[in-house]
Amino acid sequence: MINLFEQYKVQVILGMQWGDEGKGKIVDLLGQQCDMVIRFQGGANAGHTVEFDDKKYILHLIPSGILRPHLTCVIGNGVVIDPESMLEEIDSLESQGYEVINRLFISRFAHLILPYHKMLDKAREILKANHKIGTTGRGIGPAYADKSAREGIRVCDIIDSEWEPHIRSMVEQKNQLLAQYECKSIQAARILDLVKQFREKIIPTVTDTRQLVYRARKAEKRMLLEGAQGTLLDIDFGTYPYVTSSNTTIGGVFTGLGLGPRSIDRVNGVLKAYTTRVGNGPFPTELTDKIGDRIRENGDEYGATTGRPRRCGWFDAVIAKYAVQINDIDAIVLTKLDVLDDFESVHICTGYRYRGEEMNEFISDCSILDEVEPVYEILPGWRTKTSDIHAYQDLPENAKQYIERLEVLCGVPIQIVSLGPSRDATLWKT
Ligand code: GDP
Ligand code: IMO
Ligand code: MG
1 MINLFEQYKV
11 QVILGMQWGD
21 EGKGKIVDLL
31 GQQCDMVIRF
41 QGGANAGHTV
51 EFDDKKYILH
61 LIPSGILRPH
71 LTCVIGNGVV
81 IDPESMLEEI
91 DSLESQGYEV
101 INRLFISRFA
111 HLILPYHKML
121 DKAREILKAN
131 HKIGTTGRGI
141 GPAYADKSAR
151 EGIRVCDIID
161 SEWEPHIRSM
171 VEQKNQLLAQ
181 YECKSIQAAR
191 ILDLVKQFRE
201 KIIPTVTDTR
211 QLVYRARKAE
221 KRMLLEGAQG
231 TLLDIDFGTY
241 PYVTSSNTTI
251 GGVFTGLGLG
261 PRSIDRVNGV
271 LKAYTTRVGN
281 GPFPTELTDK
291 IGDRIRENGD
301 EYGATTGRPR
311 RCGWFDAVIA
321 KYAVQINDID
331 AIVLTKLDVL
341 DDFESVHICT
351 GYRYRGEEMN
361 EFISDCSILD
371 EVEPVYEILP
381 GWRTKTSDIH
391 AYQDLPENAK
401 QYIERLEVLC
411 GVPIQIVSLG
421 PSRDATLWKT
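Using my numbering, read the sequence shown as starting at 1 and increasing by one per residue.
Put into structure tokens, the structure is as follows:
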């Protein structure tokens with residue numbers, strides 16, 4: 001295994017498609033080489049899977065680094081924290097023998113997701129009828145909306161002694177809104193209880209994470225910044241309005257942590273060897289036929305947060321190139337190549353046909369994307385089991401040809417290839 005952190009002290013892991021690229025596995029893998037793992041955006045809408053020693057863990061809010069006991073974990077100001085979800089996650093980790101509180105730092109300035117945010121998220125989806133986003137129902141949109149409206153409740157607001165009246169008045173205001181959606185009102189006492197419990201648990205972890213991360217940078221600590229979701233779910237660059245409510249691309253690092261752009265030494269993009277999406281919105285290479293079903297079954301493509309079947313399709317190089325450009329990707333981690341092991345041929349989308357013209361650049365305009373037809377290049381499959389292969393040169397020739405073609409189309413080296421969910425099903429290309 002190459003030690004990437006000897007040269008690059010601060011690295012980012014970002015999803016390059018619509019999420020679920022396998023970021024959790026890669027964060028866990030590279031976590032072996034660093035000192036800190038840091039989340040900077042999103043919330044419990046994320047579901048990051050890590051598998052080792054025949055055990056499977058799904059992390060939603062706590063950085064995936066928590067499963068490596070030597071790592072310090074940080075949740076930056078850009079994350080939206082659901083106390084219910086976080087308490088559950090901490091309990092579950094502690095009950096499995098993981099120390100959490102002594103290794104976790106939470107930003108004073110992160111915003112909270114309270115039960116009314118989740119109720120509003122679901123109510124708004126119901127009202128959207130045929131135009132549902134297909135959210136995770138975790139209250140992400142309403143919580144970021146409150147943050148932008150300057151009405152959010154931050155971690156520091158519940159640490160101060162006078163926190164109860166603030167929450168009570170917010171619950172009153174949200175109950176009026178819930179009534180407009182014909183939803184039941186929520187009891188302030190229930191929220192106060194939840195916040196009390198949360199507060200007691202996390203008070204020792206609360207700090208100004210900006211300072212913590214800045215000092216760690218100065219002390220040359222090795223840091224891995226764990227992105228959630230993927231480039232195409234970004235609020236600005238994704239397939240709006242079918243996106244999440246945070247910047248999932250590189251910009252989210254700077255606003256979500258307070259680190260400067262020159263502090264980032266390397267950006268690693270994670271790409272699945274095909275494409276998936278959960279929730280609604282355009283998906284040019286989607287396969288609604290038996291091939292799509294076969295990818296879903298081979299890849300066990302069911303949401304880690306909601307259990308929903310993921311929509312599946314061929315690899316889309318137009319999207320991958322777009323993600324390379326936005327995020328300044330230095331190297332790619334290609335995951336789930338093994339899922340394509342039994343296909344006779346593999347297709348790569350190299351462009352779109354739109355109203356008779358070929359397009360090679362992605363444009364995040366749903367009205368255009370709904371109409372485009374993918375243009376495919378077809379390569380022969382390898383029809384060989386790859387999950388037990390440990391050296392790049394031992395991969396079947398057709399698998400190498402596929403990887404190297406993706407590399408050329410993306411214009412960035414593929415450095416790591418993942419061939420299974422576990423830590424050891426991974427190989428280094430360079
Ligand atoms: P994340 O949200 O990007 O962390 O990805 P998820 O955890 O939601 O989804 C990725 C799924 O693929 C998880 O079930 C992983 O255990 C699994 N996985 C990761 N890498 C590989 C791989 O190379 N091959 C296979 N077959 N599964 C993988
Ligand atoms: P990870 O980090 C895949 C999708 C939802 C929906 C849209 C908006 O595991 O890759 P939200 O609840 O955020 O308002 O939903 O975004 N979505 C994800 N899809 N992986 C994720 O995270 C996702 N987080 C949100 O399905 O389409
Ligand atoms: Mg996921």
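Even glycine gets a Cβ: it sits at the ideal position worked out from N, Cα and C.
Does DSSP classify residue i as helix, strand or coil?
i: W314; result: coil
i: S364; result: coil
i: I62; result: coil
i: L419; result: coil
i: S161; result: coil
i: V100; result: coil
i: L71; result: coil
i: R353; result: strand
i: I153; result: coil
i: N45; result: coil
i: I348; result: strand
i: N268; result: strand
i: L114; result: coil
Could you spell out the range, first to last residue, of the alpha helix (DSSP H) harbouring residue i?
i: S107; result: Taken as a continuous stretch (DSSP letters only), S107 belongs to no alpha helix (DSSP H), being part of the beta strand (DSSP E) at 104–107.
i: E89; result: 83–95
i: M36; result: M36 -> not in any alpha helix (DSSP H); beta strand (DSSP E) instead, spanning 36–39.
i: N442; result: For the chain, the structure presents residues 1 to 430; residue 442 sits outside this window and is missing.
i: A145; result: 140–148
i: I26; result: 23–31
Along the beta strand (DSSP E) that carries residue i, what are the first and last residues, could you check?
i: G15; result: 10–15
i: E358; result: 357–359
i: E182; result: No beta strand (DSSP E) contains E182, which DSSP labels as neither H nor E.
i: W428; result: 426–428
i: V50; result: 48–52
i: L334; result: 331–335
Starting from the C-beta of residue i, find all residues in its chain whose C-beta is less than 6 angstroms away, skip the five residues before and the five after it, and write them out in chain order.
i: F109; result: N77, R154
i: V324; result: C410, V412
i: A331; result: N268, P413, Q415
i: R68; result: G31
i: Y116; result: K174, I186
i: P396; result: W382, T384
i: E344; result: G381
i: V339; result: N298, G299
i: L378; result: Before going further, note that residue 378 is Ile rather than Leu in the sequence given. Correct list, in chain order: S345, H347.
i: G134; result: G279, N280
For chain B, find out if any of its Cβ atoms is closer than 8 angstroms to the Cβ of residue i; answer yes or no.
i: I101; result: Among the chains in the structure shown there is no chain B, since it carries only a single protein chain.
Keeping to the same chain, check which residues put their C-beta closer than 7 angstroms to that of residue i; ignore five residues upstream and five downstream.
i: H390; result: L427
i: D157; result: W163, H166
i: A399; result: L337, W382, T386
i: R296; result: P309, R310, C312
i: K132; result: E125, N280
i: T402; result: For clarity, residue 402 is Tyr in the given sequence; the question names Thr instead. V346, L379.
i: N327; result: L14, T231, T249, I250, V267, G269
i: K56; result: T49
i: V37; result: V27, G31, P63, S64, G65, L71, C73, L224, E226
i: R277; result: W18, F283, R310, R311
For residue i, collect the residues of the same chain with a Cβ closer than 8 angstroms to its Cβ; drop the 5 residues on either side in sequence, then sort them by chain order.
i: F254; result: G260, P261
i: G152; result: H111, L112, A143, D146
i: E358; result: G351, Y352, V375
Going residue by residue through the segment 367–417, where are the continuous alpha helix (DSSP H) segments of at least 4 residues, counting only ones entirely within it? 397–410
Tell me the start and end of each unbroken alpha helix (DSSP H) in the segment 198–260 that is at least 4 residues and wholly inside, in chain order. 209–218, 251–257
Using only Cβ atoms and a threshold of 5 angstroms, which residues come within that distance of a heavy atom of ligand 3? Order them by chain position. D20, G47, A304
Taking only runs that begin and end inside the segment 271–316, name each unbroken alpha helix (DSSP H) of 4 or more residues, in chain order. 290–299
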